[in-house]
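S.K.:
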Amino acid sequence: MPLGSLEDHLLDVVVGQQPLDWNSRIRIALGAAKGLEYLHEKANPPVIYRDFKSSNILLNVDFDAKLSDFGLAKLGSVGDTQNVSSRVVGTYGYCAPEYHKTGQLTVKSDVYSFGVVLLELITGKRVIDTTRPCHEQNLVTWAQPIFREPNRFPELADPLLQGEFPEKSLNQAVAIAAMCLQEEPIVRPLISDVVTALSFMSTETGSPSGLTGTALNPLSPKTVEDQGWLQCESPRDVYSLL
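For the sequence shown, numbering that gives the first Met the number 0 gives the first residue as 0, with consecutive numbering after it.
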């Protein structure tokens, strides 16, 4: 992809590199959420991504997000039905707690991972960073007390944004991340609910017209290819990698 990964533009910013502005961050979050929505709710059978992280989100020249690297993807079950994996795979920090501890895997495990990436987009911080002070090394652990105090949400904003964001939009993004990062899978939202919320946000913040708050039409394989939310030649390629 022309612009590399989200990690390159968010977490590996070098001197002189233009940081992502707020609208671009919401655009990327929405595109990635739509990719997960297709895997969870449009693909038949559903697919659990299992390794959703910033380095697996690729960007084109318009900062449209594409999901890549389906090597750890797994055919899933409908609803909250659990799969139990004898071998836990994925990337530490992004894995949902129930999957990391017991191997229990559902589409809500991906929703947790999405919450981690959304928190990275908000803060500009890596989920695990041992160079930070001890109490800040785990991004989710550090942010959780702030989630309970809405008046502190602005503390989470990436300093590189220099305050250039609508405070209402920031508060909404933090609230979405907090819901996705709930300890119990059953209380996390479906990814389609996340798409709806982010679509509404992108409309309010005046992002490009391709991001609207209207209801999504059912996605055909051709639509997925045209929209470019998955970095594979066709949805069938997802299954060929399982």
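C-beta: ideal position from N, C-alpha, C; glycine also.
1) Return yes when the Cβ of Glu40 is within less than 8 Å of the Cβ of Ser191, no when it is not.
2) Give a yes or no on whether the C-beta atoms belonging to Lys52 and Val116 are separated by under 8 Å.
3) Excluding the 5 residues flanking Arg151 on each side, which residues of the same chain have their C-beta closer than 8 Å to its C-beta?
4) Looking at the unbroken beta strand (DSSP E) that takes in Ala64, where does it start and where does it end?
5) Check whether the region 11-24 touches the region 177-189, taking contact to mean three or more Cβ pairs, one atom from each stretch, closer than 8 Å.
6) Do the CB positions of Met200 and Gln171 come within less than 8 Å of each other?
7) Comparing alpha-carbon positions, which option in Gln103, Asp7, Gly92 lies nearest Phe113?
8) Once DSSP output is grouped into helix, strand and coil, what is the label at Gln103?
9) Whose CA, out of Thr202, Leu180, Ser67, Leu66, lies closest to the CA of Arg147?
10) Quick one: what does DSSP say Val60 is sitting in, helix, strand or coil?
M.R.: Reading off the structure:
1) Using a Cβ distance threshold of 8 Å, Ser191 and Glu40 count as a contacting pair.
2) For Lys52 and Val116, yes; Cβs fall inside 8 Å.
3) Excluding positions up to five away in sequence, the list reads Ile145.
4) 64-66 is the extent of the beta strand (DSSP E) around Ala64.
5) With fewer than three CB-CB distances shorter than 8 Å, the region 11-24 does not count as touching the region 177-189.
6) Inclusion of Met200 and Gln171 in the CB contact set at 8 Å is warranted, their separation being smaller than that value.
7) For the residues Gln103, Asp7, Gly92, the minimum Cα distance to Phe113 belongs to Gly92.
8) Gln103 falls in the strand class under three-state DSSP.
9) For the options Thr202, Leu180, Ser67, Leu66, the alpha carbon positioned closest to that of Arg147 is the one of Leu180.
10) DSSP places Val60 in the coil class of the three-state scheme, outside both helix and strand.
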